[in-house]
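**Q** I'd like to ask some things about the structure below.
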Amino acid sequence: MKIVGVIPARFASTRFPGKPLQPLLEKPLLQWVVEGVKTSKKIEKILVATDHDEIAALAESLGVEAVMTDSHLPSGSDRVWAAVKSFAADVVINIQGDEPLVTGELLDQLVEPFVQDPHLQMATLGRELDQNSLESKNSAKIVLDRDHCAIYFSRFPIPYSRLSSAENCDAALKHLGIYAYRKNFLQLFCSTPLTEIEQCEGLEQLRALYLGAKIKVVKTDHDSWGVDTPEDVEWVEKLIHERNSRGKN
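Oh and the sequence shown: position 222 is 222 in my numbering, straight run, nothing missing.
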């Protein structure tokens, strides 16, 4: 099974233009992501999908192939498909380009369900939910079925609890926005117009549920620490420093 990892790295971010080039502890953000992905034992090829020559040049200097894509694509998944459609792949991983703490071990966990189930179309990651994430509109929550597949994703605290909000934390997971797809399903996903439900929530994965896809959710202890705004830089640098210090001990 051929696994391709694609890192969308758009220059024209609304909240943080030029984000992939932002230095974190003297290395560009994109470099941290690429170095993390390179530790995967299952990903055979890494692509950087970008709309900017300087980002493409950085990717090539890091030893990965850059694919130029339209800057006006509607979602990260559309950028991934635009980059990977001409490459041979069985499973495609959409790796967020603003997650400098991503690890190859984490991505390999995401691939494993496709090995176990040849009919699986899509997989993603979730972790235990705390009260802050439950109440935050910036954190998507996942409710699961008995097979650990997603029933629904929402920015709203779900499922509703008649007794206490703490029960919500036990009944759902926090969604981490890394996705893996069968390549043929990614093509279907990106050829399907945006749905009303995903536009209401602002969550593209709801399009997959609308299409009837099973989305396997792999539970992990990893948390999501993305660089969304310039204000996040100092905090994420601190997390990187802490992780590196633990690694030396």
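We treat Cβ as the ideally placed atom computed from N, Cα and C, and that holds for glycine.
What are the start and end residues of the beta strand (DSSP E) that includes P94?
**A** It should be noted that the sequence gives Asn, not Pro, for residue 94. Unbroken beta strand (DSSP E) run through N94: 91 to 94.
**Q** In the DSSP assignment, find the unbroken alpha helix (DSSP H) run with P113 in it and report its ends.
**A** Looking at the DSSP string, the run of the alpha helix (DSSP H) that includes P113 is 104 to 116.
**Q** Going by CA-CA distance only, name the one from A140, D108, G18 that's closest to K41.
**A** Checked all of A140, D108, G18; the closest Cα to K41 is D108.
**Q** As a quick exercise: from G97, A89, T69, F16, pick the residue whose alpha carbon is nearest that of I7.
**A** I7 has its Cα closest to that of G97, out of G97, A89, T69, F16.
**Q** Taking the Cβ atom as the reference point for each residue, do G202 and L173 lie within a distance shorter than 7 Å?
**A** Taking 7 Å as the Cβ cut-off, G202 and L173 do not qualify as a contacting pair.
**Q** What are the partner residues of Y181, as DSSP defines its beta bridges?
**A** DSSP lists V92, M122 as partners of Y181.
**Q** For a test of the three-state rule: what should DSSP assign to H241, helix, strand or coil?
**A** The answer is helix: DSSP assigns H241 an H, G or I state.
**Q** Which one or two residues does DSSP pair with R127 in a beta bridge?
**A** According to DSSP, which records beta bridges pairwise, R127 is partnered with K174.
**Q** Starting from A49, follow the beta strand (DSSP E) in both directions and report where the run begins and ends.
**A** Looking at the DSSP string, the run of the beta strand (DSSP E) that includes A49 is 45 to 50.
**Q** To which residues of the same chain is L176 closer than 8 Å at the C-beta, ignoring the five residues directly before and after it?
**A** Excluding residues within five positions, the ones whose Cβ falls inside 8 Å are T124, L125, G126, R127, T220, H222, D223, S224.
**Q** Strictly by DSSP, which residues pair up with C149?
**A** DSSP lists K216 as partners of C149.
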